[in-house]
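Asks: In my numbering, the protein residues as written are 19 to 208.
Every residue, glycine too, gets a C-beta built ideally from N, C-alpha and C.
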């Protein structure tokens with residue numbers, strides 16, 4: 019049985035969300051908040067932290083800000099799912115564009131699960147007010163000096179969003195170019 023492109027994208031998205039949630043569950047149930055495990059020398063660590071859900075651990079406007087951010091995420095994720103579905107149905111989008119958008123959507127959905135349900139599951143906050151679990155940390159140590167390569171602690175879902183966005187920007191930008199951009203490029207070739 020051959021699966022349609024839409025079903026393969028759905029499977030990819032579900033697998034990415036499951037991987038994200040399994041990693042977060044293992045960290046949450048096997049590490050103490052703030053605990054670090056050195057994976058590869060000094061420069062790759064698992065460091066269990068939780069954040070309010072914004073990028074790089076930032077907070078936004080207390081409880082009202084958290085509610086608005088959580089609501090915005092759901093709307094954005096729904097819009098992305100609708101967009102992927104419509105691009106797939108039209109059949110004009112390259113597979114790479116759909117995969118990139120699926121990575122971004124799966125990453126967003128993985129962090130939505132944390133915000134919406136982790137407070138309830140671990141009994142510390144009401145629905146929509148949970149914290150996102152982060153664990154990957156990459157400081158670089160050089161000759162006794164501390165050089166930070168990338169100081170934020172992040173998770174697999176964040177990686178999906180970042181990889182998807184960079185992939186689209188680097189390799190699929192032609193799809194997103196406007197007709198004027200395409201016309202200008204064609205004129206320059208003449």
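1) Taking all protein chains shown into account, decide if residue 173 is buried (16 or more other Cβ within 10 angstroms of its Cβ) or exposed.
2) Looking at C-alpha atoms only, which residue of 41, 141, 71 and 48 is the closest neighbour of residue 126?
3) How is residue 147 classed by DSSP in three states: helix, strand or coil?
4) Determine, using beta carbons only, whether residue 176 and residue 69 come nearer to each other than 8 Å.
5) Using the three-state DSSP reduction, which class does residue 142 fall into: helix, strand or coil?
6) Can you grab the Cα-Cα spacing for the pair residue 17 / residue 137, in whole Å?
7) So, for residue 86: in the same chain, excluding its five sequence neighbours on each side, which residues have a beta-carbon less than 8 Å away from its beta-carbon?
8) With H, G and I counted as helix, E and B as strand and the rest as coil, what does DSSP make of residue 22?
9) For the pair the segment 45 to 63 and the segment 112 to 126, tell me if three or more CB-CB distances fall below 8 Å.
10) Taking Cβ to Cβ, would you say residue 116 is nearer than 8 Å to residue 105?
11) Taking the straight line between their C-alpha atoms, what separation do you get for residue 122 and residue 194?
12) By Cβ distance below 7 Å, which residues in the same chain neighbour residue 57 in space, the five residues on each side in sequence not counted?
13) Work out the CA separation of residue 129 and residue 150 for me, nearest whole Å.
Replies: Answer, in terms of the structure:
1) With 16 or more Cβ atoms within 10 Å of its Cβ, residue 173 is classed as buried.
2) Per the Cα distances, 71.
3) Collapsing the DSSP output to three states places residue 147 in coil.
4) Going by C-beta atoms, residue 176 is not nearer than 8 Å to residue 69.
5) In the structure shown, residue 142 adopts coil according to DSSP, grouped into three states.
6) This structure does not reach residue 17, given that the chain is present from 19 up to 208, and the question cannot be answered.
7) 78 and 79.
8) Coil, per DSSP.
9) As far as the Cβ criterion goes, the segment 45 to 63 does not touch the segment 112 to 126, which means the pair count is below three.
10) Yes, they are a contact pair.
11) Straight-line Cα distance between these residues: approximately 16 Å.
12) 63 and 64.
13) C-alpha separation (whole angstroms): 6 Å.
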